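If you use this note's numbering, the sequence shown corresponds to residues 2 to 201, in order. Where is the CB? At the ideal position from N, CA and C, for every residue including glycine. Computed from a predicted model, the values in this text were never measured in an experiment. Heads up, the thing below is written out as structure tokens.
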Amino acid sequence: MSSPGPSNIELAVQGLSVKVVGYNCRFSLGFNVDMRLLAASLLTADYNPRYPTVRVRLTSPQCCISVSYHGHCTIFGCESVAQAATAAAVFLKLLNEIEEFVGLARPSPLTVVSITCLTDLGHGIRLDAAAAATISVFSSAMYQPEIMPSLQVVFKIAERNICCSVFADGQVTIVGARNIFDARDVITKLYEGLFDYFIT
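Next up, the structure:
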């Protein structure tokens with residue numbers, strides 16, 4: 002199968018729908034956190050001293066907040082920035098209910114760290130051949146059908162901390178993109194690299 006010119010690839014990618022399904026956001030508390038005290042004070046907190054963070058699970062909104070000793074908080078699993086802001090407010094309220102932490106927080110503005118996106122390349126893909134392909138932008142490809150029964154190839158861009166799960170039916174999940182433009186750039190390179198392995 003001959004590869005189309007760059008303009009054809011760009012046109013094909015422009016026609017793809019890219020849906021943002023998750024936001025990871027960050028803010029800082031402005032003070033050093035007693036990790037053991039935080040974990041002991043919240044029923045939904047998990048802490049293992051071998052790791053540098055306390056993970057706090059929230060149910061409304063449903064997400065997880067990772068809190069470091071230096072007070073850096075990362076919110077995972079929110080469907081919108083507004084939901085992440087709500088999660089931050091809920092967590093700050095919980096923090097103020099702990100006597101030792103009352104009034105200490107000076108939260109910084111919430112910033113988006115990365116997003117999770119879904120798209121469909123519009124073609125089935127020969128995964129075994131795609132996994133062996135050399136796609137310049139990706140640092141590695143992992144295809145283990147005996148371990149991952151969903152039949153997917155996981156491509157990674159190490160320097161940009163982006164991971165793409167490509168499924169046999171052409172569905173793609175992109176994790177770690179900074180914004181929608183970053184995601185579309187990755188999709189363009191993915192489409193170009195996988196074009197010869199499309200099932201038409």
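For Ser-141, the enclosing beta strand (DSSP E) starts and ends at 141-143. The residue among Ala-13, Phe-199, Leu-43 with its C-alpha nearest the C-alpha of Leu-93 is Leu-43. In this model, Arg-127 and Gly-16 are separated by some 22 Å (Cα to Cα).
Secondary structure of Ile-148 (DSSP, three-state): coil. Residue pairing by DSSP places Phe-156 opposite Ala-142, Cys-165 in a beta bridge. Excluding residues up to 5 positions away in sequence, Leu-122, Ile-126, Ala-131, Ala-134, Ile-136, Val-167 lie with their Cβ nearer than 8 Å to the Cβ of Leu-195 in the same chain.
If you draw a straight line from the Cα of Phe-102 to the Cα of Pro-110, it comes to about 19 Å. One alpha carbon belongs to Arg-179, the other to Ile-200, and they sit about 30 Å apart.
The DSSP-derived three-state label of Asn-97 is helix. DSSP, reduced to helix, strand and coil, places Val-82 within a helical segment of the structure shown.
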